[in-house]
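Asker: One line per chain: the protein sequences are A and B, in this order.
Counted the way the numbering used here counts, the first sequence spans residues 1 to 193.
Counted the way the numbering used here counts, the second sequence spans residues 1 to 101.
Quick reminder that beta carbons are idealized off the backbone N, C-alpha and C, glycines included.
The model shown is predicted, which means the values in this text are computed figures rather than measured ones.
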Amino acid sequence: MTAGDALWWDARLGPKHAPIATRADRFWSWSVLLPLCHIVQRAKRRYCRPLVIWARTDNGRFLRVGMSILIEDYPYLDVAHPGDAHFVWFMSAADAGVLTNEFGLSHPPALARVLLDNAIILSQNAGFKGRMGLHAAVAGGDVLPKVYERCGLLTLPRAAELPPAVRRLNDGRFFYADEAVAEALAAALDASR
Amino acid sequence: MSEFMRLDAKAPATLGAVVEAVTRLSTLSEAKILELVSAGRIAELFPFKPANGQAIPADTVAEDELAEASALRLSRKQRDALIESSLPAAANKKSRAFSKG
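#1: Please check if any C-beta of chain B sits within less than 8 Å of the C-beta of leucine 154 (chain A).
#2: The alpha helix (DSSP H) with glutamate 44 (chain B) in it runs from where to where?
#3: How is the alpha helix (DSSP H) around threonine 145 (chain A) delimited, first residue to last?
#4: Taking the DSSP output, what are the residues bridged to tryptophan 54 (chain A)?
#5: Quick check on asparagine 118 (chain A): buried or exposed, where buried means 16 or more other Cβ atoms within 10 Å of its Cβ?
#6: Any residues in the segment 54-82 of chain B with a beta carbon nearer than 7 Å to a beta carbon of chain A? Which ones, in chain order?
#7: What's the C-alpha gap between alanine 39 (chain B) and alanine 11 (chain A)?
#8: Cα-Cα, which of A:Ile69, A:Thr2 and A:Met67 is closest to glutamine 54 (chain B)?
#9: What's the C-alpha gap between alanine 9 (chain B) and threonine 23 (chain B)?
#10: Let me check understanding here. Comparing Cα to Cα, which of A:Arg150, A:Glu149 and A:Ala139 lies closest to threonine 22 (chain A)?
#11: For alanine 24 (chain A), collect the residues of the same chain with a Cβ closer than 7 Å to its Cβ; drop the 5 residues on either side in sequence, then sort them by chain order.
#12: Since alanine 39 (chain B) meets chain A, which of its residues come closer than 9 Å, beta carbon to beta carbon?
#13: Apply the 10 Å Cβ neighbour rule to serine 29 (chain A) and answer buried if 16 or more other Cβ atoms are within range, or exposed otherwise.
#14: If you count every other CB in all the chains shown that lies within 10 Å of the CB of serine 192 (chain A), and 16 or more means buried, which is it?
#15: Counting only C-beta atoms, is alanine 141 (chain B) closer than 8 Å to chain A at any point?
#16: Excluding the 5 residues flanking leucine 116 (chain A) on each side, which residues of the same chain have their C-beta closer than 6 Å to its C-beta?
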């Protein structure tokens, strides 16, 4: 993801998403998030991987349809198995209706699964066996956790402790993939790699 | 950090303000920052404002214009390039040539 990608998303999709009250990302500005995430994680001696998902439109050209910012080498959320993982800090999938009606993409892909797959593959390739985690934004209400459940992620029980470096009380909205779940989710998409 | 000094000219932002903002933000959990961003409150904590007038890229590109991101861990050099590409392009500053004769 470059500054141009962030600018495009803010200018072209941001105004379409802003009126959708159920979207957790309706107030996100990727042009601000991008430098913010890099600089905050550098202060914590970690690196971010910002990624863009492109999809083929009906006319054969490619359109930005998903954005994410991952944190590399983040503490694995399951404290019973201490180690490192990747953490999906921010991720946005373009609204399917907007893609179809305004950008000529008749068959939008299942973007949440693809965005999570990016984190799993990067984690596997970094030697973390696919372990990854995320926090479902409170602004996403009751719907967002269900999206992650449907994608196959594990819910970290509300009573579970979090790694000390996470510096946060567990509000029951943390999700993760262990090695087995990550492998199963990655394998399910192998045919399309 | 000097790249992050390209702030809104009307904002009372200085390098000190940026350092202060980053220091404050780095004490917060990622989940807390996610909450603040989702509530539309990040501008209160991070004084960065992209410069106006940047050209918006085209909606679509041809397949051969796409560069596939590496699925492997990046080298330090690649990471630095990634961070650099996250910043808006700076206006080209012409350097003055030597006078002739």
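Answerer: The short version:
#1: No, its Cβ sits nowhere closer than 8 Å to a Cβ of chain B.
#2: Element bounds for glutamate 44 (chain B): 42-45.
#3: Checking the sequence, you will find proline at residue 145 (chain A) rather than threonine. Residue range 143-150 is occupied by the alpha helix (DSSP H) that includes proline 145 (chain A).
#4: For tryptophan 54 (chain A), the beta-bridge partners assigned by DSSP are A:Arg64.
#5: Label assigned to asparagine 118 (chain A): buried.
#6: From the segment 54-82 of chain B, only Gln54, Ile56, Pro57, Asp59, Thr60, Val61, Ala62, Glu63, Leu66, Ala69, Ala71, Leu72, Arg73 and Arg79 have a Cβ closer than 7 Å to chain A.
#7: Going from the Cα of alanine 39 (chain B) to the Cα of alanine 11 (chain A) covers about 19 Å.
#8: In terms of CA proximity to glutamine 54 (chain B), A:Thr2 leads the group A:Ile69, A:Thr2 and A:Met67.
#9: Bear in mind that a pLDDT of 44 at alanine 9 (chain B), under 50, signals an unreliable position, so the number given afterwards is only what the model happens to contain. Straight across, the Cα-Cα distance linking alanine 9 (chain B) with threonine 23 (chain B) is about 22 Å.
#10: Ranking A:Arg150, A:Glu149 and A:Ala139 by Cα distance to threonine 22 (chain A) puts A:Ala139 first.
#11: Excluding positions up to five away in sequence, the list reads Ala137, Ala139, Gly140 and Leu144.
#12: The contacting residues are Phe27, Val138 and Ala139.
#13: Under this definition serine 29 (chain A) is a buried residue.
#14: With a 10 Å radius around the Cβ and a threshold of 16 neighbouring Cβ atoms, serine 192 (chain A) comes out exposed.
#15: Within the shown structure, residues of chain B are numbered from 1 to 101, placing residue 141 (chain B) beyond reach of any answer.
#16: Cβ neighbours of leucine 116 (chain A) beyond the five flanking positions: Cys151.
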